[in-house]
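To keep things clear, I will list the structure first and then write my remarks on it.
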Amino acid sequence: MDRMTGYAALLVLAGIVLSGIFAPQLAPMNPFEPDMAIRLQPPSMAHLLGTDALGRDLLSRMLYGGRSALLLSLVSTLLALGIGTLVGMLAGYFGGRTDAALTTLTNIFQGIPGISFMVAVAGFVGPSVTGLLLALVAGSWAGFSRIVRAEVMQRAAEPYVEQLRVLGCSDGRIILFHLLPALGGTLLVLGTLRLGRGVLAVAGLSFLGLGVQPPTPDWSTMISDAMLYYRQAPHLIIVPGAAIILLVSSLNLVGQMLHRRLDVRQEAGG
């Protein structure tokens, strides 16, 4: 991937994020107000992306729908990254029985099929944003934990850590002020790459009715609601589907760019 592709992906991602943040100012119409007289209209000057089955402006709903896709993916990624980082650091730093117990727990969660586990958790809690977040976090923290554990084990064996102990630094201080900052680049890359998968997971669960509930605008629920009208109004599926693909692709490309930069910096430092 060349540099221009990465910057283009970053520009697209910034555009999606800003359009979601400023959706109230950018939306030309009320995304919640139905008008059955103009239902299922194709794109036109009055409605640039057409209208849905209830006559709501699709462009307005698209702008608002990007909010839920990004926000839910971001929150779930931050929570999973936080839990995975905590577990991985404790296991990698203390080792011994602590490592064995936490690694066993991690292996149990990682051995469960991801999407099946998330559907089971979301189904048990019920169709809600809370259930969706719980399912996403429970199904993804273990992957972070294993990577962080390996990084911490490697860094904890370096001479400077033993020197800090000799100087009287507590384990908590070493972890918080020396090991955790050293993992900043790795955590940033992991989080960015996870965001793309998070968007797809949110879309899949919401499509199944286990996530964002109508009438809240959401790209995946918009696709689900449009399944009955795909012949009459294919734009109702094409537009939100293209937006999901564009968002996931831009996140993955930005993550790859950050990963490449981190590798270059580590090689230069080594």
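For the sequence shown, our numbering assigns the number 148 to the initial residue and increments by one for each residue that follows.
Idealized CB from N, CA, C, for every residue including glycine.
Going by the DSSP bridge assignment, what does residue i pair with across the sheet?
i	result
T198	D204
Can you tell me where the alpha helix (DSSP H) with residue i in it begins and where it stops?
i	result
E309	P306 to V313
I163	R150 to I168
G343	G331 to F354
M369	W366 to D372
G319	D318 to I321
So the candidates are the options; which of them puts its Cα closest to the Cα of residue i?
i	options	result
L409	T251, A216, G332 and S191	G332
V349	S397, R214, P181 and G242	R214
R296	I322, W366 and L314	I322
F179	P189, L206, L281 and I163	L206
G358	A269, Q301, L394 and T245	A269
G363	D246, M209 and C316	Sequence inspection shows Thr at residue 363; the Gly mentioned does not correspond to that position. Closest option to T363, Cα to Cα, is M209.
P328	R302, E309 and A155	R302
P387	G273, L330 and W366	W366
G167	S371, A390 and S191	A390
T224	L340, I385 and R407	L340
Can the beta-carbon of residue i be found less than 8 Å from the beta-carbon of residue j?
i	j	result
L219	V159	no
A200	Y377	no
G202	M183	yes
V420	A216	Since the first residue of the chain shown is 148 and the last is 417, residue 420 is not available in this structure.
A285	G231	no
L228	G338	yes
L326	M236	yes
V222	T253	no
Y211	A161	no
G243	V299	no
L196	H382	yes
L279	L226	no
M265	A282	yes
P274	G356	yes
Between residue i and the ligand FMN, is there a pair consisting of the residue's CB and a ligand heavy atom that are separated by less than 7 Å?
i	result
Y376	Here there are no bound small molecules, and the ligand FMN is not part of this structure.
Would residue i pass as an interface residue toward chain C - the criterion being a Cβ-Cβ separation below 8 Å?
i	result
L196	Checking the listed chains, one finds no chain C in this structure; it contains a single protein chain.
Going along the chain, which unbroken runs of the alpha helix (DSSP H) with 4 or more residues stay wholly within the stretch 213-294?
-> 243-258, 261-272 and 276-285
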